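Participant: Please find one structure pasted underneath; my questions will follow.
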Amino acid sequence: MSKKLVFSGVQPTGNLHLGNYLGALKSFVSLQKKMDCLYCVVDLHAITTFQDPKELNSNILETTAAFLASGLDAKKSIIFNQSSVSGHAELAWILNCVCRVGWLNRMTQFKDKAGKDKEKASVGLYIYPNLMAADILLYKATHVPVGADQKQHLELSRDIAQKFNNDFKVDNFFPLPEPLIQKNISRIMSLRDGTKKMSKSEDSDYSRINLKDSADEIVKKIKKAKTDTDPITDNIKDYEKRPEALNLLSIYSELSEQEIQKTITEFAGKNFSFFKNQLSEKLVETISPIGSNIAKLLNDKKHLEDVLKKGTEKAYIIAEENLKKIREIVGFV
Ligand code: TYM
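Under the working numbering, residues 1347 to 1679 are what the sequence shown spells out, in order.
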């Protein structure tokens, strides 16, 4: 049995939002109390689409600040950036040779991100899931907290781990990593379209609540958030065709740490303008302190660089120990 170990990553592509917080960061924080955790700013993943070097540099520090501002503690968790531990790239190459083209061709995120003109997507974007498998397997992580959008990538990581173990006849060498996906709200949807996930790449800033939004911006965005004209009812089945309403009610429930049924019972008969005021209050209560903490932390770049440097040193030791064994298994001299 492998020792329990948590690994997860967030891309430093700017504008971390409520989806990142409720889908991932919040669980990162609660897991660090129970298990050994590594949390990684995945800058190698970010460059699969072109990043302006100056912006990338500042986004790496900003994502580190968001980790800390959300409650991660550099004394409890290993916080580092991916490019500073070269083993991620080395193992990714080995796994590129384990993973099958057919497996990658099934990845829906590549299809979404590459869009119509697949020929123009970078090769990095295509093999992105293999790098993600390498991130996890490099540390032999057993648990991976992610939002539901990453489920398919996690399944692929398990397939790759299994194939490596089988091909090289090293039973259980890589543990099969288990995704930890929030039960109640695994996918926060856009505030403009309840069928699309909230995302940093969507054009309209009104589609998402950013962790750095001011209280006024949060209130304004929730006021403008799409709903329908029906009042709130207390039958959960009524929401099957009301994705925007369901999304806002789910966000409220998650922030209040209660089941959605309790929320709809509480607000049954009320209209959305009343509910939105309550939701804004909850959001401001949770998100504003994170936003102001991010701003404060960004005033001390040296401290953030220091956190990454110390994290890197710890991550490197684990990575090198595992890589030594991996190189031997593969047959390198
Ligand atoms: P990224 O940077 O897109 O998102 C970081 C985390 O936030 C979650 N998330 C959401 N959860 C719920 N609702 C949403 N609307 C929403 N949007 C984003 C993501 O699921 C993710 O958990 N490929 C990963 C990063 C990665 C990684 C890894 C994760 C690289 N290597 C190894 C785990 C393990 C990604 O692009 O996440």
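Note that CB positions come from ideal geometry on N, CA and C, so glycine has one too.
None of these values were measured; they are calculated from a predicted model.
1. Throw me the rounded Cβ distance for the Gly1657 and Phe1426 pair, which I believe falls under 8 Å.
2. Could you tell me the alpha carbon to alpha carbon distance between Cys1443 and Ser1354, rounded to whole angstroms?
3. How should Asn1518 be labelled, buried or exposed, when 16 other C-beta atoms within 10 angstroms of its C-beta is the threshold for buried?
4. Consult DSSP for Phe1353 and reduce its assignment to one of helix, strand or coil.
5. Roughly how many angstroms separate the alpha carbons of Gln1498 and Met1453, rounded to a whole number?
6. Restricting to Cα atoms, I'd like to know which of Gln1357, Ala1370 and Gly1360 is closest to Ile1531.
7. Would you call the stretch 1641–1659 and the stretch 1604–1623 touching, i.e. three or more CB-CB distances under 8 Å?
8. Tell me the rounded alpha-carbon separation between Lys1450 and Leu1471.
9. For the ligand TYM, I want to know if Gln1496 counts as a neighbour, meaning its beta carbon is within less than 7 Å of at least one of the ligand's heavy atoms.
10. Can you tell me where the alpha helix (DSSP H) with Phe1426 in it begins and where it stops?
11. Please name the residue, chosen from Phe1396, Ser1638, Arg1446 and Gln1528, that lies closest to Ser1468 on a Cα-to-Cα basis.
12. Using only the alpha-carbon positions, how far apart do Leu1362 and Ser1404 sit?
13. Give me, in chain order, the residues of the same chain whose beta-carbon lies closer than 7 Å to that of Lys1350; leave out the 5 immediate sequence neighbours on both sides.
14. Does the beta-carbon of His1489, which I'm using as the reference point, lie nearer than 7 Å to any heavy atom of the ligand TYM?
15. In this structure, what does DSSP give as the bridge partners for Asn1556?
16. Helix, strand or coil: which one does DSSP assign to Tyr1385?
Facilitator: Well, looking at it:
1. 3 Å
2. 23 Å
3. exposed
4. strand
5. 7 Å
6. Ala1370
7. no
8. Residue identity check: residue 1450 is Leu in the sequence provided, not Lys. So the two alpha carbons sit approximately 11 Å from each other.
9. yes
10. Per DSSP, Phe1426 belongs to no alpha helix (DSSP H); it is in the beta strand (DSSP E), Ile1424 to Asn1427.
11. Phe1396
12. 13 Å
13. Met1381, Thr1488 and His1489
14. no
15. His1363
16. strand
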